[in-house]
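Peer 1: Sharing a structure here in structure tokens format.
2 protein chains.
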Amino acid sequence: MNDKLDIQTHVDKLSTEMRRGLTVLVVMSQLNEPEYAYSLLKKLEEKGFEISQDALYPLMRKLDEQGYLNSDWKVDESRPRRYYQLSSLGEAVYNALKAEWKEQFEQVIHIIYQENEK
Amino acid sequence: MNDKLDIQTHVDKLSTEMRRGLTVLVVMSQLNEPEYAYSLLKKLEEKGFEISQDALYPLMRKLDEQGYLNSDWKVDESRPRRYYQLSSLGEAVYNALKAEWKEQFEQVIHIIYQENEK
Numbered sequence: 000m001n002d003k004l005d006i007q008t009h010v011d012k013l014s015t016e017m018r019r020g021l022t023v024l025v026v027m028s029q030l031n032e033p034e035y036a037y038s039l040l041k042k043l044e045e046k047g048f049e050i051s052q053d054a055l056y057p058l059m060r061k062l063d064e065q066g067y068l069n070s071d072w073k074v075d076e077s078r079p080r081r082y083y084q085l086s087s088l089g090e091a092v093y094n095a096l097k098a099e100w101k102e103q104f105e106q107v108i109h110i111i112y113q114e115n116e117k
Numbered sequence: 000m001n002d003k004l005d006i007q008t009h010v011d012k013l014s015t016e017m018r019r020g021l022t023v024l025v026v027m028s029q030l031n032e033p034e035y036a037y038s039l040l041k042k043l044e045e046k047g048f049e050i051s052q053d054a055l056y057p058l059m060r061k062l063d064e065q066g067y068l069n070s071d072w073k074v075d076e077s078r079p080r081r082y083y084q085l086s087s088l089g090e091a092v093y094n095a096l097k098a099e100w101k102e103q104f105e106q107v108i109h110i111i112y113q114e115n116e117k
């Protein structure tokens with residue numbers, strides 16, 4: 000039962016949960032310049048951050064609705080595309096979230112690597 | 000609308016989501032020695048990792064059910080307490096998850112701090 004395959008299955012599930020928590024941060028980090036949903040998907044893929052269309056597209060709409068993004072249709076290309084970019088609120092939220100993330104991971108490093116100390 | 004208070008409210012919500020993804024990792028990191036639920040809660044609190052009883056206790060039962068923990072009642076103290084400690088499966092999962100987490104944060108550092116590069 001407890002063979003390597005088994006362990007990997009357990010870890011995959013847990014690490015997906017960890018990754019999910021980072022998605023907003025990662026997506027926002029790429030939107031200091033205009034991107035349409037598919038270009039952003041490809042950009043993230045190239046950088047090794049896996050996210051499905053089914054997860055990314057609703058997230059972009061949600062971030063847009065919350066006022067973190069400005070969005071505009073561009074119709075001068077082969078087909079109309081909606082471009083998204085951080086709004087000024089989005090930029091402020093992103094910068095604060097980045098600082099928060101940094102604090103969290105420093106804390107976790109501290110907790111994990113001092114796990115045996117009292 | 001977009002004042003500092005507003006931004007903090009936005010960030011709090013998002014950073015809670017980030018933190019949630021780390022909870023299993025952090026909890027497991029403390030269970031290489033036996034802890035009962037309340038002692039673990041206090042230990043995490045001391046190390047600055049905020050988690051409520053309502054979140055921690057069901058999580059420990061879940062980890063126990065999944066076979067990541069061994070648990071035992073100790074009745075020789077002022078009152079009976081259930082002690083939890085990583086099982087050998089739990090240890091293997093924790094070590095793999097720790098490696099995964101390290102990979103994820105290195106990836107995020109890379110993505111965030113090269114955000115303007117093509």
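Sequence order for the protein chains is F and H. Okay, so the first sequence: first residue is 0 according to numbering that gives the first Met the number 0, each after it adds one. Okay, so the second sequence: first residue is 0 according to numbering that gives the first Met the number 0, each after it adds one. Note that the Cβ used here is the ideal one computed from N, Cα and C, for glycine as well.
Verify the CB distance criterion: does residue 58 of chain H have a CB-CB separation below 8 Å to chain C?
Peer 2: Protein chains in the displayed structure are F and H, and chain C is not among them.
Peer 1: Check the C-beta distance from residue 68 of chain H over to residue 52 of chain H and give it rounded, since I have them as a contact under 8 Å.
Peer 2: As a working mapping, residue 68 of chain H is identified with position 69 in the second sequence. As a working mapping, residue 52 of chain H is identified with position 53 in the second sequence. Not a contact, Cβ separation roughly 17 Å.
Peer 1: Using the rule of at least 16 other Cβ atoms within 10 Å of the residue's Cβ for burial, across every protein chain shown, is residue 93 of chain H buried or exposed?
Peer 2: Within the second sequence, numbered from 1, the residue matching residue 93 of chain H stands at position 94. It counts as buried.
Peer 1: Taking its Cβ as the centre, do 16 or more other Cβ atoms sit within 10 Å of residue 47 of chain H, making it buried, or is it exposed?
Peer 2: Within the second sequence, residue 47 of chain H is the residue found at index 48, counting from 1. Residue 47 of chain H comes out exposed.
Peer 1: Does the beta-carbon distance from residue 35 of chain F to residue 82 of chain F come in below 8 Å?
Peer 2: Translated into positions along the first sequence, residue 35 of chain F becomes position 36. Translated into positions along the first sequence, residue 82 of chain F becomes position 83. The answer is yes: Cβ separation under 8 Å.
Peer 1: In angstroms with no decimal places, state the Cα-to-Cα distance between residue 117 of chain F and residue 26 of chain H.
Peer 2: Position 118 of the first sequence holds residue 117 of chain F. Position 27 of the second sequence holds residue 26 of chain H. Low local confidence applies: a pLDDT of 45 at residue 117 of chain F is under 50, so the model's placement there is unreliable, with the coordinate-based value given in what follows. So the alpha carbons of these two residues sit roughly 16 Å apart.
Peer 1: Any Cβ of chain F within less than 8 Å of the Cβ of residue 97 of chain H?
Peer 2: Stepping through the second sequence from its first residue, residue 97 of chain H is reached at position 98. Cβ-Cβ to chain F under 8 Å: yes for residue 97 of chain H.
Peer 1: Taking any Cβ of chain F, which residues in the segment 25-55 of chain H have a Cβ under 7 Å from it, in chain order?
Peer 2: Here the close residues are 25, 28, 29, 31, 46, 47 and 48.
Peer 1: At a Cβ threshold of 8 Å, is residue 85 of chain H touching chain F?
Peer 2: For the purposes of this step, residue 85 of chain H is taken as residue 86 along the second sequence, with counting starting at 1. Chain F, which has no Cβ nearer than 8 Å to the Cβ of residue 85 of chain H, makes this no.
Peer 1: Using alpha carbons as the reference points, say which of F:13, F:107, F:22 and F:31 lies closest to residue 44 of chain F.
Peer 2: Numbered from its first residue, the first sequence carries residue 44 of chain F at position 45. Cα-wise, what sits closest to residue 44 of chain F is F:22.
Peer 1: For the segment 56-72 of chain H against the segment 4-15 of chain H, are there 3 or more C-beta pairs whose distance is under 8 Å?
Peer 2: Result no; under three Cβ-Cβ pairs closer than 8 Å.
Peer 1: Go ahead and pull the three-state DSSP assignment for residue 67 of chain F.
Peer 2: As a first step, residue 67 of chain F must be located in the first sequence, where it is residue number 68. In the structure shown, residue 67 of chain F sits in coil (DSSP, three-state: anything other than H, G, I, E or B).
Peer 1: Could you check what DSSP says for residue 30 of chain F in three-state terms: helix, strand or coil?
Peer 2: Translated into the one-based positions of the first sequence, residue 30 of chain F becomes position 31. DSSP places residue 30 of chain F in coil when its eight states are reduced to three.
Peer 1: What do you reckon, are the CB atoms on residue 99 of chain F and residue 10 of chain H nearer than 8 Å?
Peer 2: Within the first sequence, numbered from 1, the residue matching residue 99 of chain F stands at position 100. Within the second sequence, numbered from 1, the residue matching residue 10 of chain H stands at position 11. Going by C-beta atoms, residue 99 of chain F is nearer than 8 Å to residue 10 of chain H.
Peer 1: From this set, H:95, H:80 and H:70, which residue's C-alpha is nearest residue 86 of chain H's C-alpha?
Peer 2: Indexing the second sequence from 1 puts residue 86 of chain H at position 87. Per the Cα distances, H:70.
Peer 1: Starting from the beta carbon of residue 21 of chain H, find every residue of chain F whose beta carbon is closer than 8 Å, and list them in chain order.
Peer 2: The residue given as residue 21 of chain H occupies position 22 in the second sequence. Those within 8 Å of residue 21 of chain H in chain F are 17, 20, 103 and 107.
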